[in-house]
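**Student:**
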Amino acid sequence: MPKNVPNTQKLNTRTDLNALRNRLQTAYDPNKTRVRVCMTGCRASGADAVSAALAKEIARLPAAERKNIEVVETGCHGFCAQAPVIEIDPVSIFYGQVKPADVPEIVQKTILNKKPINRLAYKDPATGQPITQAAEVPFYKAQERSVLRNLGRVDPRSLDAYIRTGGYAAAARALIRLTPNGIINELEASGLRGRGGAGFPTFLKWRLARKERSKPKYLICNGDEGDPGAFMDRGVMEGDPHAVIEGMIIAGFAIGASEGYIYVRAEYPIAVEHLTLAIDQARKYGLLGQNILGSGFDFDITVKEGAGAFVCGEETALIASLEGKRGTPRPRPPYPAVAGLWGQPTCINNVETLANVPVIIGRGADVYNDMGSGTSRGTKVFSLAGKLNNTGLVEVPMGITLRELIFDLGGGIIDGKEFKAVQMGGPSGGCIPAEFLDLSVTYDTLSKVGAIMGSGGVIVLDETACMVDIARYFLAFSAAESCGKCTPCRVGTTRMLEILERIAGGNGKIEDIDLLIETAAVVRDTSLCGLGQNAPNPVLSTIRYFRDEYVAHIEHKKCPHGICKRRPANREANRG
Amino acid sequence: MARKSDTVSLFINDVPVKIHRGASIMEAAHKAKVDIPHLCNHRHLTPTGACRLCVVELEGEGPGRPLIAACARPAESGMRVLTHTDRAVAARRLVLELLLSDHPGDCLTCEQSGHCKLQDLAYEYQVADSRFRGRRNRYPIDTANPFIVRDFEKCVKCYRCAQACQELQFCEVIDYMGRGFDTMVTSALNRPLPETECVQCGRCVSVCPVGALTEKPSRYRGRSKDLKKTVTTCPYCGVGCAIVLETDGQHIVRVTSREDSPVNKGDLCVKGRFGYGFVNSPDRLITPLIRKDGELVPASWNEAIAAVAAGLKRTKQEYGADAIGFLSSSKCTNEENYLMQKFARAGVGTNNIDNCARL
Amino acid sequence: MAGLAAAFGSGAMTNSLEDIGEADVILVIGSNTTEAHPILGLNIIDSVKNKDARLIVAEPRRIPLVKYADMWLSQKPGTDVALINGLMHVILDIGLADKSFIKERTEGFAAVVAMVEKYTPDYVESITGIPAADIVRAAEIYAGADKATIIYAMGITQHTTGVDNVMTLANLAMMTGNIGQPGMGVNPLRGQNNVQGACDMGALPNVYPGYQSVADVGVRKSFEAAWGRKLPKKPGLTATEMTRAAGTPAAKGGIRAMYIMGENPILSEPDQAHIIAGLKGLDFLVVQDIFLTETARLADVVLPAATFAEKSGTFTSTERRVQPVRKAIQPPGEALSDWKIIGLVSSKFGYKMNYHSSAAIFEEIAAVTPAYGGISHHRIEVCGIHWPCPTPGHPGTPILHTETFARGKGKFHAIDYKPPAEVTDAKYPLILTTGRYLAQWHTGTMTRKVDGLNEIEPEARVDINPADAKKYGVKNKRSVTVTTRRGSVTAKARLTEDVPVGVIYMPFHYAEAAANAVTNPALDPVAKIPELKVAAAKISQK
Ligand SMILES: Cc1cc2nc3c(=O)[nH]c(=O)nc-3n(C[C@H](O)[C@H](O)[C@H](O)COP(=O)(O)O)c2cc1C
Ligand code: SF4
Ligand code: SF4
Ligand code: SF4
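Protein chains in written order, with the numbering used here: chain A, 1 to 576; chain B, 577 to 935; chain C, 936 to 1477.
#1: For ligand 1, I want to know if A/LYS310 counts as a neighbour, meaning its beta carbon is within less than 7 angstroms of at least one of the ligand's heavy atoms.
#2: Distance cutoff 8 angstroms, beta carbons only. Does A/LYS211 sit that close to anything in chain B?
#3: Distance cutoff 8 angstroms, beta carbons only. Does B/ILE595 sit that close to anything in chain A?
#4: List, from N- to C-terminal side, the beta strand (DSSP E) runs of 3 residues or more that fit wholly inside the segment 1200 to 1265 of chain C.
#5: Which residues, in chain order, sit with a beta-carbon under 6 angstroms away from any heavy atom of ligand 2?
#6: What are the partner residues of B/LEU634, as DSSP defines its beta bridges?
#7: Do B/ASN913 and C/GLY1132 come within 8 angstroms of each other at the CB atom, strictly closer than that value?
#8: At the 8 angstroms Cβ level, is B/LEU888 part of the contact set with chain C, yes or no?
#9: What do you reckon, is the C-beta of C/GLN1207 under 7 angstroms from a heavy atom of ligand 3?
#10: Jot down the residue ranges of each uninterrupted alpha helix (DSSP H) in the segment 1160 to 1187 of chain C, minimum 4 residues, whole runs only, in chain order.
#11: If distances are taken between C-alpha atoms only, which option among B/ASP705, B/ALA922, B/ALA880 and B/ASN721 comes closest to B/ALA897?
#12: Counting beta carbon pairs with one atom in the segment 1365 to 1382 of chain C and one in the segment 1188 to 1203 of chain C, are three or more of them shorter than 8 angstroms?
#13: Could you tell me whether the Cβ atoms of A/TYR218 and A/GLN344 are closer together than 8 angstroms?
#14: Might you give, ordered along the chain, the residues of its own chain that have their beta carbon closer than 8 angstroms to the beta carbon of A/LEU322, omitting 5 neighbours on each side?
#15: Regarding C/GLY1481 and ligand 3, is the C-beta to nearest heavy atom distance less than 7 angstroms?
#16: Taking the Cβ atom as the reference point for each residue, do B/CYS784 and B/ILE750 lie within a distance shorter than 8 angstroms?
#17: Buried or exposed: where does C/LEU962 fall if 16 or more other Cβ atoms within 10 Å of its Cβ makes it buried?
#18: Along the chain, where does the alpha helix (DSSP H) that runs through C/SER1281 open and close?
#19: How should B/LYS529 be labelled, buried or exposed, when 16 other C-beta atoms within 10 angstroms of its C-beta is the threshold for buried?
#20: Let's test the definition: count the other Cβ atoms within 10 Å of the Cβ of A/ARG213 and tell me whether it reaches 16, buried, or not, exposed.
#21: State yes or no: is the C-beta of C/PRO973 within less than 8 angstroms of the C-beta of C/GLY1021?
#22: May I ask whether a heavy atom of ligand 1 can be found less than 7 angstroms away from the beta carbon of A/ALA337?
#23: Which residues, in chain order, does the segment 1295 to 1325 of chain C contribute to contact with chain B at a C-beta distance below 7 angstroms?
#24: Cβ closer than 7 angstroms: which chain B residues qualify as neighbours of A/CYS483?
#25: Starting from the Cα of B/ILE595, find the closest Cα among B/LEU634, B/SER653 and B/GLU637 and give me that residue.
#26: Compare the C-alpha of B/GLY848 against each of C/ALA1244, C/LYS1187 and C/TYR1194 and name the closest.
#27: For the putative contact between C/GLU1229 and C/ALA1446, defined by C-beta atoms under 8 angstroms, what is the C-beta separation to the nearest angstrom?
#28: B/CYS813: beta carbon under 7 angstroms from a heavy atom of ligand 3?
#29: Under 9 angstroms, CB to CB, which of the residues in the segment 915 to 928 of chain B have a partner in chain C?
#30: Pick out whichever of A/GLN290, A/THR74, A/ALA171 and A/CYS76 has its Cα sitting closest to the Cα of A/LEU354.
#31: Please state whether the Cβ-Cβ distance between C/LEU1365 and B/PHE746 is less than 8 angstroms.
#32: Distance check for A/VAL85 and A/VAL577, CA to CA, integer angstroms please.
#33: Using a cut-off of 7 angstroms between C-beta atoms, extract the partners of B/ILE750 located in chain C.
#34: Where do the ends of the beta strand (DSSP E) carrying C/PRO973 lie?
#35: If the cut-off is 7 angstroms on Cβ atoms, which residues from the segment 1161 to 1173 of chain C count as contacting chain B, listed in chain order?
#36: State the CB to CB distance for the pair A/PRO560 and A/PHE474, rounded to an integer number of angstroms; the pair is presumed to be in contact (CB under 8 angstroms).
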């Protein structure tokens, strides 16, 4: 891959950074033809072969033409339903489900002659009309991509590309122009709340950690992302690792930490690879290490692979795991801000939370705060999955309605079936029925209807779904992932699951529903950590909105949808 | 900034309590003479909040918030703790029901019966049966080590044994194994203890609240509740640990310690806890013996005492007192050593008296 | 004990066990604490793990405590004086001696300065085998501590230079002012549960109860008054001297009769063959014990005694804490408490003893033993009392020598290194050293009657460094014969790096492989403790 302006020089000041950015921008020819191929998420769908075919085709071109074409391997474009996807600049043409056989035609028509190929263009599901311009595709059109700003656009393995597009400017501003308290105040003004699930105001967490006197302090980026079906954090870590690093530099400076850790889910080798590479690059440029950009601030980051358990995403379990112990939650207080890693003050934030930080510091808190609804400000990344046409990663302003999310971005239900419910928040979340489709999505509204924002997993269910089966699926996940430490979660989730299995198998009694509710309440009320406390949510919310389905299973002694019979009780849902 | 005071004042069921900063709600309640049930909490161990029986309510925290584990939450000034609200009691009962649903009902033959925290709590909270019907963990009873029987079906996963091993004994033999319903608290890979770093101190047994860990030599020889308990001092090394002899008539059934014993705070080594078998050994000397025709044969005390006195007298008369030597014993009491040297010096008339202090 | 008494005026632990947790630096020397005093071992580990204490272990073998130590000094057995003198040399060199303490509270320091002059780290390395740099670092750590404490046991005393070893340790503590305060001190650990008490009670040849000298006329007169008899003037023989004099003609100072209570010298004393011959040569032997021990088998009369569980009384632990022994069960058969038996024998002998309880005996002890003067069975009910406790209102004394030493000023003794009585040579190239297993006890009289303990430690092993094993053709887990100038024993070989090259190690619990069949009976000239920790040996395997 041709590098525009190789830079091996260490950046000693903010001016150095600005100068480098200027050089990079000057050297960048926006009119050059660039083919952007997703080489992260799309790999599973054959992106490698497409990329290879492109390289081969382009190599056959005369040198003069060849030199004007560049293939950019990027992170996830988000539109995973269309994988593998490519976009071609500057004409901004979008193709989905590309096969290597399509490549010669793409090179001839679109790359050399700047003509769209309708056959490969995205078809509007409503009209069937081809849409060739990326920006016109509804899936992209309704998004507000700030955390995902670089995903699908730049090569995540190139620090220069990140800097060229404004990267590290926010960090430079924070370190040189702002005080730690100033940063925390901006965070407060932005209204950013933690994206890891609980929605705790980020500024408050930082302020608590800042207040602690004991040194050293640590910053942890939580990239464990264990919710089945969620891949927001993966997208960011793979597709824009420098955004995470930049957010961590700012956070570390704000709380007074000099060491950071990124705890990455074990199943994310590309994320580990890209983060490790990015950290290396940042060190070489002096963006990590001693006296960053001449600010006097020292900070460095270590990547740690996770232990492969859902509960390790819980902050105290994660810390135990980082310390080399078994990842088991412990009671709080003391909160990590007071006594975390190695007993020292520790701030732990989610990947997306941290990736939001450069956006806020770079563009200003008010710009960020302008988006959103109620106490939920800014944007949120969701992973759309289930029975909708456009599955993938989207970033939208907080407060968007479910209907917009599912029907506008998501392109509606597959095969024109009826929408039944949407499961939000994964195993800790709940199912929201059609009557709430116009609910605007915020932390508070979701929890009012029995779901949670969680990390942003959205699973859409159509009319054929059996809600008892859905509840069972998520509960089986929690029961299997329970760390086993506390009684209600260890035994309670399994007992609830057994009742659900009885009901699903047609052996339930009507009192079972009450026993489920009673047990769920105690499991929620008494479990030690969020896993157990939230594990009953899928059950409670489905009983709340779909009690009739439970009753039907019991009265007819079978699953009305014929699903529960087909799927044998599978307690080991998540054992690999 | 005003200096934080060293004590906090709070209310336990409307009773005001003052307690040192850092103490848990459980400790504050204890001070207010309110008993909060628990299986996992233990005075010498870091609170883990595992069993969830100690859940209480804080006045002013709505029903939307989870209950609070009294063992792990530090008491704070101004807290108003309610320990036995309907919600808390109902939660405890259900948690007990859950525990009992995975517990064998063989209290009839359980060593711990009458001395079992789970039994006591089931009684106190009137949880006679569990509404939950489902699978139960099945494990063979592990008797493959000299002193400890491990019956994991009875384990309530309080984690006390693991902590005792780690925090008190500084061994790391026991930890969680597996996850979810199948979680065990055991040695790595559930290996027999002799294949681990275990030093057989039995500390894990001493903290187990149920019948999961019991003393092997005591099996079926008497339950703690039925035994006489005598606090005394260990007969082995010079540290002088306090031990409790649990006896049934003339037999030592078990040796335990007390968590508040001044020297050892409940800790014992393998000898102190399990080395009592010699007392009831069939090889004990039970009558005096006198050598007759080269053989040691049983004799009466009168004969024996007379023989000793005569033998010593004869030697003294023949060779003088200094031809007699006395070896006293560092295994005997002060009183006995005192008498022995008094006898040697004042009775026989020699300073040839020593003990094995040097060895 | 003699060593500490010479330096401080009292031979007992200076501080309490709990107090060791106050120290910033703990020097453990000649004590395999976690196996011989396991609960104290836990306290030490707790200090290291939870209280940031630093631990220096000086011990030839890699004992379990080494895992927790900041430094492990593996000295050649029998070279402790050189090591400690070396530490003192360095401390003087780096100016960390506590001059005001030395000046105000001690005497005789100048001679020590002169003596340690030649103990440069390099010289000490040549004797002990410990790298010179480690000696310097250990000295820095010990002397640099705010509060440093020393813990030692039989690894220090069971040498012909045992008293020298102890006096050098006392020198080290005094020169750094580490005595008389919490977390400081010099702490000998007593092997058996009531060694301290037996000594306190005057079961020693040279002192009456409370370490009152038999040679002191005034003291003798007062005991004569208390006991109503004329008392012998001449100090008596020590255990090892007695067993060695056993069977020899009385005219040559020999012992013709012995009364042995609760001891098994055949296994515990060195040079077993010699002991057996001696005991067999006696005219009359009485053994009072709970089992028919190896020694009891040779007796003319055997008296069945009660165990600790069958009688009441007191034990005094290694930290000078007097604690209760309570009767839980009746003795089996006709067995009686030792105190009852002695009373019967004494009365029959013609010296009346009519005590109705152990508490009554204790009252008499308190009356004649100043340090026990304020102690009674009643007062020790709950948590015991540390002596000295002179009056009934006195709370006891967990820390000794706080203001002045028991003897007034602390006395330095300039001590030169002397090699062990037996050194290795071409014929006996290895050093045999002995010790204990966690799950066995002393001569096994008690522990070897416990099935589970035998299951854990069924037999003696000879620990041999693999390099030596290779050199002498010894295979792991096969019987190996250890031979010294006194005889041979056979036990299974265990190859392990835990013993350094040139050293082999055996426990002395096992009659069938009695280490003391081969150990050296050479005595310390003052304390009369045999050199159980060093014997020249060779190994061979069939
Ligand atoms: C069972 C469980 C799993 C969790 N998994 C994750 C996770 O994968 N990623 C994450 O960021 N937070 C996870 N959390 C939340 C974290 O504990 C923590 O609140 C979060 O990392 C804080 O970051 P934030 O304030 O930026 O949201 C999990 C919590 C629970 C109870
Ligand atoms: S709630 Fe579940 S995951 Fe959390 S500590 Fe309890 S058992 Fe472990
Ligand atoms: S006996 Fe002692 S060392 Fe062994 S597992 Fe139990 S606590 Fe740990
Ligand atoms: S074995 Fe006993 S102490 Fe250990 S976790 Fe189970 S119940 Fe608790």
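Using N, Cα and C, we set each Cβ at its ideal position, and we do this for glycine too.
**Tutor:** Taking the structure as given:
#1: A quick correction: the sequence has Phe, not Lys, at residue 310 of chain A. It does: the Cβ of A/PHE310 is within 7 angstroms (strictly closer) of some heavy atom of ligand 1.
#2: no
#3: no
#4: 1219 to 1224, 1236 to 1239, 1248 to 1251 and 1256 to 1260
#5: A/VAL311, A/PRO329, A/SER482, A/CYS483, A/GLY484, A/LYS485, A/CYS486, A/CYS489, A/ARG490, A/SER527, A/LEU528, A/CYS529, A/LEU531 and A/GLY532
#6: B/VAL657
#7: yes
#8: yes
#9: no
#10: Qualifying alpha helix (DSSP H) stretches, in chain order: 1174 to 1180.
#11: Nearest C-alpha to B/ALA897: B/ALA922.
#12: With the cut-off at 8 angstroms, the segment 1188 to 1203 of chain C and the segment 1365 to 1382 of chain C touch.
#13: yes
#14: ILE220, TYR261, TYR263, LYS304 and LEU341
#15: Nothing can be reported for residue 1481 of chain C, as the shown portion of chain C is limited to 936 through 1477.
#16: no
#17: Of the residues assessed, C/LEU962 falls on the buried side of the cut-off, its CB having 16 or more other CB atoms within 10 angstroms.
#18: 1273 to 1284
#19: Nothing can be reported for residue 529 of chain B: it is not among the residues displayed for chain B, which extend from 577 to 935.
#20: exposed
#21: no
#22: no
#23: ILE1296, PHE1297, ILE1300, CYS1318 and GLY1319
#24: ARG755
#25: B/SER653
#26: C/ALA1244
#27: 6 angstroms
#28: no
#29: The residues in question are LEU915, MET916, GLN917, LYS918, PHE919, ALA920, ARG921, ALA922, GLY923, VAL924, GLY925, THR926, ASN927 and ASN928.
#30: Comparing Cα positions, the closest option is A/ALA171.
#31: Judged by their CB atoms, C/LEU1365 and B/PHE746 are not nearer to each other than the 8 angstroms cut-off.
#32: An answer regarding residue 577 of chain A cannot be provided, because it is not within the stretch 1 to 576 covered by chain A.
#33: Going along chain C, no residue has its Cβ under 7 angstroms from B/ILE750, so there is no contact; the nearest lies around 17 angstroms.
#34: Taken as a continuous stretch (DSSP letters only), C/PRO973 belongs to no beta strand (DSSP E), being part of the alpha helix (DSSP H) at 973 to 985.
#35: TRP1162, ARG1164, LEU1166, PRO1167, LYS1169, PRO1170, GLY1171, LEU1172 and THR1173
#36: At roughly 20 angstroms, the Cβ-Cβ gap does not stay under 8 angstroms, so A/PRO560 and A/PHE474 are not in contact.
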